[in-house]
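Chemist: Residue numbers (the numbering used here), protein chains in the order written: chain A, -1 to 207; chain B, -19 to 91; chain C, 39 to 661. Even for Gly, the Cβ is constructed at its ideal location relative to N, Cα and C. Predicted model, so just to flag it, every value in this text is computed and none were measured. Below you will find the structure I want to go over with you.
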Amino acid sequence: MQTDERFTDATWPASPEKATLDGKNKYLGFWLFLGGETVLFASLFATYLALKDKVPNGDAALAKDLFELPLTFVATMLLLTSSLTSVYAMYHMKNNHFKQMQAWLVITVALGFGFLGLEIYEFNHYVHEFHHTFTSSAFGSAFYTLVGFHGGHVAFGLVWIISLMVRNAGRGLNLYNAPKFFVASLYWHFIDVVWVFIFTVVYLMGMVG
Amino acid sequence: MANEQSNSANPNVDLKYRRKKNAEEMKHQVLSFTLMIFFTLLAFAAVGIEGFSHWFIKPVILLLAVVQVIFQLYYFMHMKHKGHGTIALFLFSGLAVGLITVLVFLTIVWI
Amino acid sequence: MSTYANKKGFGATLWDYLTTVDHKKIAILYLISGGLFFVIGGLEAMFIRIQLAIPNNDFVSAGFYNEILTMHGTTMIFLAAMPLVFAVMNAVVPLQIGARDVAFPFLNSLGFWLFFFGGVFLNLSWFLGGAPDAGWTSYASLSLHSEGHGIDFYVLGLQISGFGTLIAGINFLVTIINMRAPGMTYMRMPLFTWSTFVVSALILFAFPPLTVGLVLMMFDRMFGANFFDVAAGGNTIIWEHLFWIFGHPEVYILILPAFGIFSEIFATFSRKRLFGYSSMVFATVLIGFLGFMVWAHHMFTTGLGPIANAIFAVATMAIAVPTGIKIFNWIFTMWGGSVKFTVPMLYAVAFIPTFTMGGVTGIMLASAPADYQYHDSYFVVAHFHYVIVGGVVLGLLAGINFYWPKMFGTMLSEKLGQITFWTFLIGFHLTFFIQHFLGLMGMPRRVFTFLDDQGFNTGNMISTVGAFLMAFGVLVMVINIIITSVKNEKVGNDPWGDGRTLEWAIPSPPPFYNFKQLPLVRGLDPYWVEKMEGKKEMTPAEPLGDIHMPNSSILPLTIASGLFIAAFGALYHMDDKTWTLPIMIVGLLVTFGSMFIRSVKDDHGYHIHKEDLMDDKDKGGKA
């Protein structure tokens, strides 16, 4: 099968992401990668939990002092919603509706940028208001590493999705790029999964004390 | 997927069926998203409203997070579909390794 | 293919290898670079033994000794054993499951180049101000206070090569899950493929903790973070845990492929089906599973408390059960078989008692209270050399001898092979058996010398003599390889005459597309099944058709080299030099630029047409 062949709605396969061996391999390989990423983030969570509120002296800010509900709430809503919009994008991919898929991806990316902007604002806020920096304490190092790793994943995901959209804008869907879009959306969901634990374990439980 | 690679003699019938299937699935997705948002609100409310003991809040918000992640994995990431056995095996193995790591870092690191 | 290759000049051949995505050529690249690092690690071992040959020796200084011992351990584990294991896996696994290549040929090449540049980076430390000197475990309380850039080379070099390993692991998993030939069910897979499968899963879950540990160490040393700095609230035990959560599975990552190789060799040269195939599979999976819950036995004396020590001690001892199953199955495979003592078989037979001794001392070490006595003594050194040299290295030597004809189409000399075998085996036992007793007598490990009246003189001298015997054995092997390559006498599909699995059904070396038609697998040991029915070749599972092949690419090399460049920037960053930031940016631009090109430039591969395949007659080695 030629992978760059054009399809009509009727010939477009039901699971375009897994219609070729290449697609199947990508799909499975990416899931396995996510299995490894699970361990990676678990290790970072573990490090954070071991070092939470571990500071050199009494003046340093603790989790309780730092975190605020409203900011975290808005960030969470942005990222959760972007997960739904990428589901919409994949829905349209399965129906061979390229334009709609691109449109939903644009919304996804916009929400992702919103999230990233909030995170940058937040870090900036902690540094300047609380002198809670990457180098100020073990707690600071662990916090910025865990949340920053997640933020880095968001940034990478944005670049990835944008380059996919730009690269394929002129030529529509085929069995060569369908798995790529699908895998990128899986990645985006995984970022969301990690965030669910971050807002629960780091922020909410940090505020509880 | 139930209709994977199915090609009946008449592609248009098949197409209609598939479209309907996909639309139905999308409905489930929106529903699970609504639930996820609801769980998030509950978790934030549990922390935001004064008066609950943290012995109550912590397990509850963790449970809410776990349920929410199950929705993400099984609906948004399609793990409820057939053919995800291997994937589930590897994901949960990773999760097991990760949980042991977290447990150890909460107990035997000299704290 | 080979006649075509012969006509190419040196430059074209070099370019071919730099850009190759063919698993067989990547295997050769792994073999050459792994072999090179093995020689470097071996030289470091020789320096250690020369220094320790006599008391109060001043062959090397104490500081330099620390660097040598650190680099010996690190090089042997990460840069010699791992790539040599990957060499055999790449050469054999796709053939054993009847696949034309791995699932991600591009990533396969990327994995190799990441490993290679990481290894080169680490070894450049010798010339740039000193090698790492905190032991291969690089415990944070030591390494944070190590001066110079040695530890930084360790952190960045291992980080880069670790990415390569992770990629290779995912690649093999997908290959084995998705690309098996028709009829090749999981329970018909050869044991080497099974062990590759389990090992790849271990890599997938064990390398991320190492990545995290190295990132934390990098942040602490280069960017002012405080993960391990107790004064700022940090905790050095975190490094120990992260390192061993990776480090213990790592030793299973090394030993399981050796088990797989030996399983193939025992069955082949006993000319008998492997005894207890399904229990062997079960034992392999179980070892992989238990391998993740025992890491704290390296930390018994850290002070984790009696409950933790008890749990990890019991879990560790449990691993003896599946390993015992394997030992007995190998013995029963030979029992009643028509055994042929070729060089690979000699290694296999010698492996059983040697490895069992390492296993027994392992059980001794697993008893937490007794471990307080053995800890950090030469007893531990003897133990892990018995399992790693007696298991992994014997396995690799056996595997290289066994698969050499499949990789290169020529047979290594049996006579020289036997000389290597005997000198290496005797030298090995001379070197390390005595070290058990040195340890029990109280000789601590990682100490650069000892005094005259401590009673360690004779033992250490014996040990050094043994090390020279091992070095002689390796030298003979190198000579063997050179002679064989110069002679270049080509052999047929099944040079050992008793091949059981699919790789022996195709020419040596195989054509670049491996199988003209994918074979139909009708049982365990599929080639043997066909032989027993009087057939000379596999039944094809498909008509002759076009074969889809991936394109070669230089991008894996450029992606890896970008990280190599960026690592220099990160390394000198803490010296407040102005050029470090630009270097980091340039390096990352090369890496991400190459990744960007890879993702926007379509790569559909190409097809070999049916007509060309029909002309391409299988004539022995000339495919």
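I'd like to know whether the C-beta of A/M(-1) is nearer than 8 Å to at least one C-beta of chain B.
Modeler: Only weak support is given to the placement of A/M(-1): the predicted model assigns it a pLDDT of 47, under 50, and the question is left unresolved by the model.
Chemist: In chain order, what residues of the same chain lie with their CB nearer than 7 Å to the CB of C/S590, ignoring the 5 residues before and after it?
Modeler: Closer than 7 Å at Cβ, skipping near neighbours: T57, T58, V59.
Chemist: With a CB to CB cut of under 7 Å and the five nearest residues on each side skipped, what residues in its chain are close to C/A436?
Modeler: Only I299, F300, I303, P382, Y385, A386 meet the Cβ criterion.
Chemist: Among A/L77, A/P68, A/T18, A/K62, which one has its Cα closest to the Cα of B/I17?
Modeler: When only C-alpha atoms are compared, the closest one is A/L77.
Chemist: Kindly list, in the order they appear in chain C, the residues whose Cβ is closer than 8 Å to that of B/T66.
Modeler: I215, listed in chain order.
Chemist: Report back the beta-carbon spacing between C/G375 and C/S308 to the nearest angstrom; my notes put them in contact at under 8 Å.
Modeler: Going by Cβ atoms, the distance from C/G375 to C/S308 rounds to 3 Å, so yes, they are a contact pair.
Chemist: What in chain A is Cβ-close to B/H34, meaning under 7 Å?
Modeler: Correct list: V206, G207.
Chemist: My parser needs the beta strand (DSSP E) runs of 3 or more residues fully inside the region 352 to 387 of chain C; what are they?
Modeler: If we require 3 residues or more, the region 352 to 387 of chain C turns out to have no beta strand (DSSP E) run fully inside it.
Chemist: When we look at the beta-carbon of C/D190 and count the other beta-carbons within 10 Å, is it buried (16 or more) or exposed?
Modeler: Counting Cβ neighbours within 10 Å, C/D190 comes out buried, since at least 16 surround it.
Chemist: In angstroms, rounded to a whole number, what distance separates the CA positions of A/A167 and A/W158?
Modeler: So the two alpha carbons sit approximately 14 Å from each other.
Chemist: A/Y119: buried (16+ other C-beta within 10 angstroms of its C-beta) or exposed?
Modeler: Its Cβ having fewer than 16 others within 10 Å, A/Y119 is exposed.
Chemist: Rounded to a whole number of angstroms, what is the C-alpha to C-alpha distance between C/G47 and C/Y55?
Modeler: The alpha-carbon atoms of C/G47 and C/Y55 are separated by roughly 13 Å.
Chemist: With 16 as the cutoff for other CB atoms within 10 Å, does A/P11 come out buried or exposed?
Modeler: Its Cβ being crowded by 16 or more others within 10 Å, A/P11 is buried.
Chemist: B/F18 versus chain A: which residues are under 9 Å apart at the beta carbon?
Modeler: In chain order: nothing, as chain A lies at least about 11 Å away.
Chemist: Should C/Q492 be labelled buried (16 or more other beta-carbon atoms within 10 Å of its own) or exposed?
Modeler: So C/Q492 ends up on the exposed side.
Chemist: Quick one: does B/I37 have its CB under 8 Å from some CB of chain A?
Modeler: Yes - at least one Cβ of chain A is within 8 Å of the one on B/I37.
Chemist: Below 8 Å on the Cβ atoms is my guess for C/L507 versus C/L556; work out the distance and round it to an integer in Å.
Modeler: Wrong, their Cβ atoms sit about 47 Å apart, outside the cutoff.
Chemist: If you count every other CB in all the chains shown that lies within 10 Å of the CB of B/S33, and 16 or more means buried, which is it?
Modeler: Exposed.
Chemist: In chain C, which residues lie with their C-beta within 7 Å of the C-beta of A/T18?
Modeler: Going along chain C, no residue has its Cβ under 7 Å from A/T18, so there is no contact; the nearest lies around 10 Å.
Chemist: Does any C-beta atom of chain A lie closer than 8 Å to the C-beta of B/G31?
Modeler: No, B/G31 lies away from the interface with chain A (no Cβ there is under 8 Å from its Cβ).
Chemist: Could you say if the region 216 to 229 of chain C and the region 110 to 127 of chain C meet the contact criterion of at least three C-beta pairs nearer than 8 Å?
Modeler: Because the criterion of three Cβ pairs below 8 Å is not met, the region 216 to 229 of chain C and the region 110 to 127 of chain C do not touch.
Chemist: Can you give the Cα-Cα distance for A/N122 and A/L116, rounded to whole angstroms?
Modeler: Their Cα atoms are separated by approximately 10 Å.
Chemist: Tell me whether C/K573 sits in a helix, a strand or coil according to DSSP, three-state version.
Modeler: Coil at C/K573, not helix or strand.
Chemist: What beta strand (DSSP E) runs, 3 residues minimum, are completely inside the region 203 to 286 of chain C?
Modeler: Listed in chain order, there is nothing to give.
Chemist: Would you kindly work out how many angstroms separate the C-alpha atoms of C/P545 and C/F150, rounded to a whole number?
Modeler: In a straight line, the C-alpha of C/P545 is about 25 Å away from that of C/F150.
Chemist: Whose C-alpha, out of C/A404, C/L478, C/L90, is nearest the C-alpha of C/A348?
Modeler: Comparing Cα positions, the closest option is C/A404.
Chemist: Please confirm if B/Q(-15) has its CB atom under 8 Å from at least one CB of chain C.
Modeler: In this prediction, B/Q(-15) scores a pLDDT of 47, lower than 50, which makes its location untrustworthy; the coordinate-derived value is nonetheless stated afterwards. False, the Cβ-Cβ gap to chain C never drops below 8 Å.
Chemist: Compare the C-beta of A/A40 with all C-beta atoms of chain B and state if any pair is closer than 8 Å.
Modeler: By this cut-off, A/A40 is an interface position.
Chemist: Please go through the region 119 to 183 of chain C and give each complete alpha helix (DSSP H) segment of 4 or more residues, from N-terminal end onward.
Modeler: For the region 119 to 183 of chain C, whole alpha helix (DSSP H) runs of length 4 or above, ordered along the chain, are 120 to 134, 143 to 162, 178 to 181.
Chemist: Quick check on this structure: which residue in C/F159, C/Y68, C/F142 has the alpha carbon closest to the alpha carbon of C/I205?
Modeler: Checked all of C/F159, C/Y68, C/F142; the closest Cα to C/I205 is C/F142.
Chemist: Give me the residue from C/N264, C/W333, C/F281, C/R538 with the minimum Cα distance to C/F566.
Modeler: The residue you asked about is not Phe; residue 566 of chain C is Trp in the sequence shown. For the residues C/N264, C/W333, C/F281, C/R538, the minimum Cα distance to C/W566 belongs to C/R538.
Chemist: Does A/V53 come within less than 8 Å of chain C when only Cβ atoms are used?
Modeler: It does; some Cβ of chain C falls within 8 Å.
Chemist: Among A/D63, A/I160, A/V181, which one has its Cα closest to the Cα of A/F111?
Modeler: Selected option, being the one with the closest Cα: A/I160.
Chemist: How long is the line joining the alpha carbons of C/I78 and C/S523, rounded to whole angstroms?
Modeler: If I take the Cα positions, the gap works out to 22 Å.
Chemist: Which class does C/I621 belong to by DSSP, given the choice of helix, strand or coil?
Modeler: Looking at C/I621 - three-state DSSP - the assignment turns out to be helix.
Chemist: Please state if the CB of C/W277 and the CB of C/M337 are separated by a distance shorter than 8 Å.
Modeler: No, the pair does not count as a contact, with Cβ atoms beyond the cut-off.
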